[in-house]
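Participant:
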Ligand code: CA
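In our numbering, the protein residues as written are 126 to 756.
Encoded structure:
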């Protein structure tokens, strides 16, 4: 998972992240629609009441709300200037942010090729002597099938896309479509499971707001067939109906079709959020997202963070512009939420597909995405290309792992898939891991793994992509005043928590690494007129960084309430959650802190941000540090 990068790589590119987030980012959005988040204290006062004066004044009507996120979807009167409205809405003190209802698009490059019927496909594969494996790349998918237990709770994979051909034999004869038993066994016309959707037997159509997620594009059916085909031969179907859905003809994962992209493959943020919510709240553990766009949506970001809080894995296509997501992010794949796994497309010869987006800091791994065979509507099969086709292999593998390890966090599944993939030289500069997925290695490793009982905290207000944080970082230089959790391990050391668990405290504090920052700090200090905002201390300590289980050692030269210079030679995976162990100079004590790797525009460097009160840090480090310069 962790990879050593050459120093200073992509500094300039990464800084573009922070400057390119104008509110509207030039993105397409739905005419007359706005998403508004109210401040948390307004929730306590009761729903949207605090904002109702402004809403009335501007002629906004409420279309829907996601109460647990305090997000509200408004429609303006026709002909309204959305961008002007957003600015005016944001001037209301009750409002945390407002944004247009951005549009996103499917991430396939091609339409269908090589269309064939089931019998034509079977004949073709029989004459070539090979079983249907969807890709000729050595991903060892079939080897992994024997690793699947004969019984188990089938993992539900939400395919958030254009829908699904619900009558396609590869799904019906293998019983691969998710069933909402409460509705199927309930009363027609009644929302039996009270999830807000009437008769949602197998998913939902968020475009038409009906219970029929039929596919009027074909993309979602193709993507779903790849997810399913990762775990079972989708061409091996029984001729005798009595054999359907038993034994070899029984799917071990279930597809929950959630249609939010329309017949042109385009969809609104508001519907994507609904689909993510629906998926997570109705039992999907894996969310496949073969779509995206260049507009940063804070509301969508919150929905992805919600999926993380609910242990799900969020698989996202990296995009097909052939560009670098480190400098030109693609959402949702570029969100730095720890459960997002961003997938590039590779060819059958294990090269990055020319069209595939990449990102040494933001795209995790490669997966086959060129001329992939799968299901297409009307009981047909055919090929498509795109990162849309690469992501569902990862989703399929993740579902197989989740079935073996039902209590495993999506975050840990991501870690296993990243770790247990095959290193491919062509991918080394294109992805975080430099790897292409390997089904069998990941399955074997996942079955033997002990399940983590916790996952790192994620605070959206600390995200690299948060506009306010980005500007705060840029202006403060070190991100002071930001809050991040600090974990304490068991045992000795100052401030140790009792008992076996982790005790948490907070500090207003940031540690910046690596060498690049240290140099930047020194340079600033030498400039005449430069005045440090924070007290600065000298400390000679060893520092260990634990990034998803891998340890890197360095030494810490100085620390302040605004930041710390740490001499570490390696750059780190953007968005990673890391554990920093700071040793006392005599080696007798150690504090352990969780952090989050970010980019500081002000410092032109990566850093680790974590948080507690400054007093807490001082008391923790008090015996180790020596003041070298005052504020
Ligand atoms: Ca329902």
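Where is the CB? At the ideal position from N, CA and C, for every residue including glycine.
Count the other CB atoms, across all protein chains shown, that sit within 10 Å of the CB of residue 528; report buried if there are 16 or more and exposed otherwise.
Facilitator: Classification of residue 528: buried, given that the 10 Å Cβ count is 16 or more.
Participant: Starting from residue 406, trace the alpha helix (DSSP H) both ways and give me its first and last residue.
Facilitator: First-last of the alpha helix (DSSP H) with residue 406: 394-406.
Participant: Buried or exposed: residue 371, going by 16 or more other Cβ atoms within 10 Å of its Cβ?
Facilitator: Counting Cβ neighbours within 10 Å, residue 371 comes out exposed, since fewer than 16 surround it.
Participant: Can you list, in chain order, the residues of its chain with a C-beta nearer than 6 Å to that of residue 349? Leave out the 5 residues immediately preceding and following it.
Facilitator: So the list reads 284, 289 and 380, once near-sequence residues are dropped.
Participant: Would you give the residue range spanned by the beta strand (DSSP E) that residue 244 belongs to?
Facilitator: Taken as a continuous stretch (DSSP letters only), residue 244 belongs to no beta strand (DSSP E), being part of the alpha helix (DSSP H) at 243-253.
Participant: Using the Cα positions of residue 359 and residue 385, report the straight-line distance between them to the nearest angstrom.
Facilitator: Approximately 25 Å, taken between the alpha carbons.
Participant: Whole angstroms is fine: what's the gap from residue 252's alpha carbon to residue 393's?
Facilitator: Distance between the alpha carbons of residue 252 and residue 393: 45 Å.
Participant: If we count Cβ pairs, one from each stretch, closer than 8 Å, do we get three or more for the region 394-409 versus the region 308-317?
Facilitator: No, because fewer than three Cβ pairs between the region 394-409 and the region 308-317 fall closer than 8 Å, the two stretches do not touch.
Participant: Taking 7 Å as the cut-off, is the C-beta of residue 414 nearer than that to any heavy atom in ligand 1?
Facilitator: No, the beta carbon of residue 414 sits no closer than 7 Å to any heavy atom of ligand 1.
Participant: Among the candidates 535, 376, 561 and 469, whose CA atom is the shortest distance from the CA of residue 273?
Facilitator: Among 535, 376, 561 and 469, the Cα nearest to that of residue 273 is on 376.
Participant: In its own chain, which residues sit with a C-beta less than 6 Å from the C-beta of residue 265, not counting the 5 before and 5 after it?
Facilitator: These residues qualify, in order along the chain: 563, 564 and 565.
Participant: Answer yes or no: the CB of residue 323 versus the heavy atoms of ligand 1, is any distance below 7 Å?
Facilitator: Result yes, Cβ under 7 Å from ligand 1.
Participant: Taking the continuous beta strand (DSSP E) assigned at residue 225, which residues delimit it?
Facilitator: Here the beta strand (DSSP E) through residue 225 covers 220-231.
Participant: Would you mind reading off the limits of the alpha helix (DSSP H) that contains residue 295?
Facilitator: That run of the alpha helix (DSSP H) goes 294-297.
Participant: Quickly, what does DSSP pair residue 198 with across the bridge? List them, please.
Facilitator: Note: residue 198 sits in a beta bridge opposite 160 and 189.
Participant: So, at 6 Å on beta carbons, what are the nonlocal neighbours of residue 356 in its own chain, with the 5 sequence-adjacent residues on each side left out?
Facilitator: Answer for residue 356: 377, 378, 521 and 525, listed in chain order.
Participant: Whole angstroms is fine: what's the gap from residue 208's alpha carbon to residue 278's?
Facilitator: Those two C-alpha atoms are separated by around 47 Å.
Participant: Taking the continuous alpha helix (DSSP H) assigned at residue 517, which residues delimit it?
Facilitator: 512-529 is the span of the alpha helix (DSSP H), which, as asked, contains residue 517.
Participant: Expressed to the nearest angstrom, what Euclidean distance is found between the alpha-carbon atoms of residue 323 and residue 404?
Facilitator: So the two alpha carbons sit approximately 16 Å from each other.
Participant: CA-CA distance, residue 537 and residue 223?
Facilitator: If I take the Cα positions, the gap works out to 33 Å.
Participant: Helix, strand or coil: which one does DSSP assign to residue 312?
Facilitator: In this structure, residue 312 counts as coil in the three-state DSSP scheme.
Participant: State the Cα-Cα distance for the pair residue 493 and residue 575, rounded to the nearest angstrom.
Facilitator: Approximately 29 Å between the Cα atoms of the pair.
Participant: Taking the alpha helix (DSSP H) that residue 177 belongs to, which residues open and close that run?
Facilitator: Run containing residue 177: 177-183, per the alpha helix (DSSP H) assignment.
Participant: Give every residue of the same chain whose Cβ lies closer than 6 Å to the Cβ of residue 300, excluding the five residues on either side of it in the sequence, and list them in chain order.
Facilitator: Hits under 6 Å: 370 and 376.
Participant: Mind checking whether residue 480 and residue 450 have CB atoms under 8 Å apart?
Facilitator: The answer is no: Cβ separation not under 8 Å.
Participant: Please classify residue 162 as buried or exposed, where buried requires at least 16 neighbouring CB atoms within 10 angstroms.
Facilitator: With 16 or more other Cβ atoms within 10 Å, it is buried.
Participant: Suppose you measure from the CA of residue 571 to the CA of residue 306; what does that come to, to the nearest Å?
Facilitator: Rounded to the nearest angstrom, the two C-alpha atoms are 29 Å apart.
Participant: Pull up the distance between the alpha-carbon of residue 513 and that of residue 233, whole angstroms please.
Facilitator: Distance between the alpha carbons of residue 513 and residue 233: 5 Å.
Participant: Classify residue 435 as helix, strand or coil using the three-state DSSP reduction.
Facilitator: Reduced to three states, the DSSP call for residue 435 is coil.
Participant: Can you tell me whether DSSP reads residue 627 as helix, strand or coil?
Facilitator: Confidence in residue 627 is poor, its pLDDT being 21 and thus under 50, which makes the residue's placement unreliable; the coordinate value appears in the next sentence. If DSSP states are grouped into helix, strand and coil, residue 627 belongs with coil.
Participant: Can you name, in chain order, every residue of its own chain whose Cβ lies under 7 Å from the Cβ of residue 281, other than the five neighbours on each side?
Facilitator: For residue 281, where only same-chain residues beyond five positions count, the Cβ hits under 7 Å are 303, 379, 381, 408, 409 and 410.
Participant: For the region 459-486, which segments carrying the beta strand (DSSP E) assignment without a break, of at least 3 residues, lie completely within its bounds, in sequence order?
Facilitator: For the region 459-486, whole beta strand (DSSP E) runs of length 3 or above, ordered along the chain, are 465-471.
Participant: Output needed for residue 215: all residues of its chain with C-beta closer than 8 Å, excluding positions within five of it in sequence on either side, in chain order.
Facilitator: Hits under 8 Å: 222 and 223.
Participant: Closest by CA to residue 204, which one among 190, 184, 333 and 321?
Facilitator: Considering only alpha carbons, the answer is 184.
Participant: What do you get for residue 202, buried or exposed, if any count of 16 or more other CB atoms within 10 angstroms of its CB means buried?
Facilitator: Exposed: under 16 other Cβ atoms inside 10 Å.
Participant: What are the boundary residues of the beta strand (DSSP E) that residue 384 is part of?
Facilitator: Residue 384 -> beta strand (DSSP E) spans 378-384.
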